[in-house]
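Following our numbering from start to finish, the sequence shown increments by one per residue and tops out at 645. Glycine included, every Cβ here is placed at the ideal spot set by N, Cα and C. Take a look at the structure below.
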Amino acid sequence: MEIRHTTNPTDVKQYTTERLRQEFLIESLFEQDRLTSVYTHYDRMVVGGAFPVNEKLALEAGDTLKTEYFLERREIGFLNIGGDAVITVDGETYELSRLDVLYVGKGKRDVQLASKDKANPTKLYFCSALAHAEYPTRKMTMEEANPTHLGSLETSNERVLYKYIHGDGIQSCQLMLGVTSLKTGSVWNTMPSHVHDRRMEAYLYFDVNQDARVFHMMGEPSETRHLVVANEQAIISPPWSIHSGVGTSNYTFCWSMAGENYTFTDMDAVKMEELK
C-alpha cells in the first residue's frame, strides 16, 4: 500500500507538472491478479483497485493500517467497472454486474474478490474511510441508484448522476460514493466548480477512449492547475481544491468523499469570475 501525505496549498503553487502528478494522480490501479491501493492522509481514505483474473484477491490490512484486519476500524465501497464480480464477505457471497456497488461496513473480517468468468474479468474500484459505527453490508444496482438527469447538450454537460452510498441510499458512517456518466457530445463535469473544506474527494475516470484524455482542474480557485488523466486513473482531491474536469470526448467517473460532514450540500460554490 502506497502512502501519500497531505500538502500545503501555498506550496502547491510552486509544484511542477511532474510533482503535481506524483502527489495527486494515481496512474496504475488495475494490475492483473493484484490488489493495488493508496493510503492518503487526506481524511485517511484508501483508494484502490483489484483486477482478479485467475486468482481470488483478499482485502488485507498489511503493515500500513497497523490493525488485525482491513475493516477493523474502516468501511469500504466497491464499484464494479468490468465483467461480473463475486465478492465474499465473511462467507456470504454477492454478485456484482457492471456499475453495481457493494458497501461493506466496519467489523467484517474476511473479504474475497474474484471474477465470475476469467474470460471477462471484473475490475473493482474501491474507496475506504475510517468508521466509528457499524452499518450492514448492502449491494445496490445501477438501476436502484435513482438515476438523475442533469445538464444539457447546449452547455456540454448532459449527464446522468447515480447516487449509491449516501444519506438516502446505502447507509454508511462517513463514506459517500456515486457515479456520473456524460452523454455523447458532453465533456464538462462540476462546472461552475466548488470546494468543500470539511471533506476530501477522490475521482476515478473511466470509460475514457484510448486516444482521449480528461483535463482535471484542481487548485485553489485563484490558483488553478490541471492534470491530464487517462482511462482508469484516479485523482486525490484535497479539501481546499476545486475538482472539475473536461474531456476530449465523453467519459464516466466515480466520485467518493470522506470527512467532517455527511451531506451533498456542504460545499462552497465558486463564481466563474473568481476562477483564475
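Around the beta carbon of Gln401, fewer than 16 other beta carbons lie within 10 angstroms, which makes this residue exposed.
In this structure, the beta-carbon distance from Val583 to Val564 does not fall below 8 Å. With at least 16 other beta carbons inside 10 angstroms of its own, Arg568 counts as buried.
For the pair Tyr620 and Leu551, the CB atoms are nearer than the 8 Å cut-off. With respect to Asn558, Gly476 sits apart: the two C-beta atoms are not nearer than 8 Å. Between Pro421 and Ser466 the beta-carbon gap is near 16 Å, outside 8 Å, which marks them as no contact. If you ignore the 5 residues before and after Gly418, its C-beta comes within less than 6 Å of the C-beta of Leu398, Phe399, Thr405 and Tyr494, all in its own chain and listed in chain order. Secondary structure of Thr593 (DSSP, three-state): strand. With fewer than 16 neighbouring CB atoms inside 10 Å of its own CB, Gly554 falls in the exposed class. Note on the stretch 537 to 586: whole beta strand (DSSP E) runs with a minimum of 3 residues are 545 to 551 and 568 to 575, in chain order.
A contact between stretches requires three or more CB pairs, one per stretch, nearer than 8 Å, and the stretch 586 to 593 fails this requirement with the stretch 505 to 516.
If you draw a straight line from the Cα of Asp576 to the Cα of Leu596, it is about 18 Å long. An exposed status is given to Gln391, since fewer than 16 other beta-carbon atoms sit within 10 Å of its beta-carbon. About 31 Å separates the Cβ atoms of Arg442 and Leu389, ruling out a contact at the 8 Å cut-off.
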